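Everything below concerns the one structure shown next.
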Amino acid sequence: MPSVSEFFSAQHRACDRVFEQLEDAVSQDDWSQADVLYSRLRQDTLQHFVNEEEGLFPLFEEKTGMQAGPTQVMRGEHAELRELLQRMGDAVQARDRDEIPGMAETFFLFLQQHNIKEEQVLYPMADQALQGSLQALSARVPGFSASDRE
Ligand SMILES: [Fe+2]
Ligand SMILES: [Fe+2]
Numbered sequence: 028m029p030s031v032s033e034f035f036s037a038q039h040r041a042c043d044r045v046f047e048q049l050e051d052a053v054s055q056d057d058w059s060q061a062d063v064l065y066s067r068l069r070q071d072t073l074q075h076f077v078n079e080e081e082g083l084f085p086l087f088e089e090k091t092g093m094q095a096g097p098t099q100v101m102r103g104e105h106a107e108l109r110e111l112l113q114r115m116g117d118a119v120q121a122r123d124r125d126e127i128p129g130m131a132e133t134f135f136l137f138l139q140q141h142n143i144k145e146e147q148v149l150y151p152m153a154d155q156a157l158q159g160s161l162q163a164l165s166a167r168v169p170g171f172s173a174s175d176r177e
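Under the working numbering, the first residue of the sequence shown carries the number 28, and numbering increases by one thereafter.
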């Protein structure tokens, strides 16, 4: 049974792998593959954000009483990341080989900085704070399955 940290960190890694495959497809001018990979990256990334915004963050806020703390910062960063992801997708759709590398780098660097904050600060706090609330989290996050019983 994975911890909160392990489950959400694994989703970061999975998205990173799709991003790398997308970069490869673009560099090989394989646009049909790039379209498939971009849509997978978009779907997986947006689902991960929803898992956090509608599952992890509200429970974290409830349990810690920290309404205006790290979760608020993370929500703001998600909004910026959604925008960067969309701009990268527009460039892929336009087959714009000049624009894509810069857009991709901007998105990926920001995403990595965001993920590091979650993995080093928020998720370890959540592992502590959500003891006893894992079933509630399971009900809100597809694929996460944990029980509160020993
Ligand atoms: Fe996040
Ligand atoms: Fe995350």
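Glycine residues also receive a C-beta, built at the ideal position from the N, C-alpha and C atoms.
For clarity, every value in this text was computed on a predicted model and none was experimentally measured.
- The beta-carbon distance between Val31 and Leu138, rounded to whole angstroms, is 19 Å. This is too long to meet the 8 Å contact definition.
- At least one heavy atom of ligand 1 is found less than 6 Å from the C-beta of Met101.
- Remark: the C-beta of Glu79 is in contact range of ligand 1, defined as less than 6 Å to any heavy atom.
- Exposed is the label assigned to Ala166, since fewer than 16 other Cβ atoms lie within 10 Å of its Cβ.
- Short note on Glu145: C-beta closer than 6 Å to some heavy atom of ligand 2.
- Ranked by Cα distance from Glu110, the options Asn142, Gly96, Asp62 and Phe135 are led by Phe135.
- Cβ-Cβ distances below 8 Å link Met152 to Phe87, Thr91 and Pro97 in the same chain, with the five nearest sequence neighbours on each side left out; the list follows chain order.
- A direct Cα-Cα distance of roughly 14 Å separates Gln38 from Glu47.
- Here Gly129 is exposed, its C-beta having fewer than 16 other C-beta atoms within 10 Å.
- CA-to-CA, the gap between Glu132 and Gln155 works out to about 34 Å.
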